[in-house]
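Structure first, then comments.
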Amino acid sequence: KSGFISIIGRPNVGKSTFLNRVIGQKIAIMSDKPQTTRNKVQGVLTLDDSQLIFIDTPGIHKPKHRLGDFMMKVAQNTLKEVDLVLFMVNAQEGYGRGEEFIIEKLQNVKTPVFLVINKIDLIHPDELLKLIESYNEKFNFAEIVPISALEGNNVEKLLEQIKEKM
Ligand code: GDP
Ligand code: MG
13 KSGFISIIGR PNVGKSTFLN RVIGQKIAIM SDKPQTTRNK VQGVLTLDDS
63 QLIFIDTPGI HKPKHRLGDF MMKVAQNTLK EVDLVLFMVN AQEGYGRGEE
113 FIIEKLQNVK TPVFLVINKI DLIHPDELLK LIESYNEKFN FAEIVPISAL
163 EGNNVEKLLE QIKEKM
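Quick look at the structure:
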């Protein structure tokens with residue numbers, strides 16, 4: 013089994029921390045070379061029975077300056093080319109305009125989307141439940157997975173759920 017996974021989310025939600033943890037544990041290839049203009053391989057995780065290829069999809073966040081429709085379409089099409097999208101959010105921040113913007117862009121993407129709620133080490137479980145409820149109202153996520161990329165909580169579980177989608 014192998015598959016391409018795009019990790020999207022606002023800056024500082026923990027995308028790099030997650031990748032470093034995942035790729036760092038099970039030794040793999042890290043590449044800084046741009047693969048295509050659209051997709052850049054950030055890391056390849058080789059497991060016994062599968063290979064997960066993590067892809068950077070630039071441009072799926074609310075731009076400071078208005079991006080042209082064309083650029084936004086390119087970014088959205090990139091999401092259609094992968095097997096799974098991980099939309100990572102910061103558990104401390106709640107649902108805001110930036111998250112809303114990304115969810116709008118996901119509406120016509122048929123690829124399954126996991127909501128990855130990161131930094132759960134920083135919040136109370138009750139807050140997490142409220143956050144999950146509010147996200148459930150906004151989008152039909154294939155999975156909602158709370159993790160701490162920093163401490164490693166639930167990261168293995170997330171990898172299992174990713175593998176199931178490949
Ligand atoms: P990116 O911009 O989405 O790639 O975010 P980074 O991976 O660079 O992380 C931004 C900051 O959040 C860094 O200071 C990380 O150490 C911190 N961070 C990432 N994941 C976690 C987490 O699970 N818990 C906590 N407490 N901090 C985290
Ligand atoms: Mg980063």
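Numbering (full-length UniProt numbering), first residue to last: 13 to 178.
By construction, the Cβ of each residue, glycine as well, lies at the ideal position given by its N, Cα and C atoms.
TODO: Measure the C-alpha to C-alpha separation of Gln37 and Val167 and round it to an integer number of angstroms.
DONE: Here Gln37 scores only 45 on pLDDT, less than 50, and its place in the model should not be relied on; the value that follows carries that caveat. In a straight line, the C-alpha of Gln37 is about 11 Å away from that of Val167.
TODO: Run the CB neighbour count on Glu111, radius 10 Å, all protein chains shown included, and call it buried at 16 or more, exposed below.
DONE: Under the 10 Å beta carbon count, Glu111 is surrounded by 16 or more other beta carbons and is classified as buried.
Task: Beta-carbon proximity check, Lys142 vs Asn102, cutoff 8 Å - done: no
Task: Enclosing beta strand (DSSP E) for Asn102 [first to last residue] - done: Leu96 to Asn102
- [ ] Please list, in chain order, all residues of the same chain as Ile144 whose beta carbon is under 6 Å from its beta carbon, the five residues on each side excluded.
- [x] Ile156
Task: Contact shell at 6 Å, judged by CB to any heavy atom of ligand 2, ordered along the chain - done: Ordered along the chain, residues surrounding ligand 2 are Lys27 and Ser28 [Cβ under 6 Å from any heavy atom].
TODO: Please indicate yes or no: does the CB of Gly110 lie closer than 7 Å to some heavy atom of ligand 1?
DONE: Closer than 7 Å to some heavy atom of ligand 1: that does not describe the Cβ of Gly110.
- [ ] Run the CB neighbour count on Phe153, radius 10 Å, all protein chains shown included, and call it buried at 16 or more, exposed below.
- [x] buried
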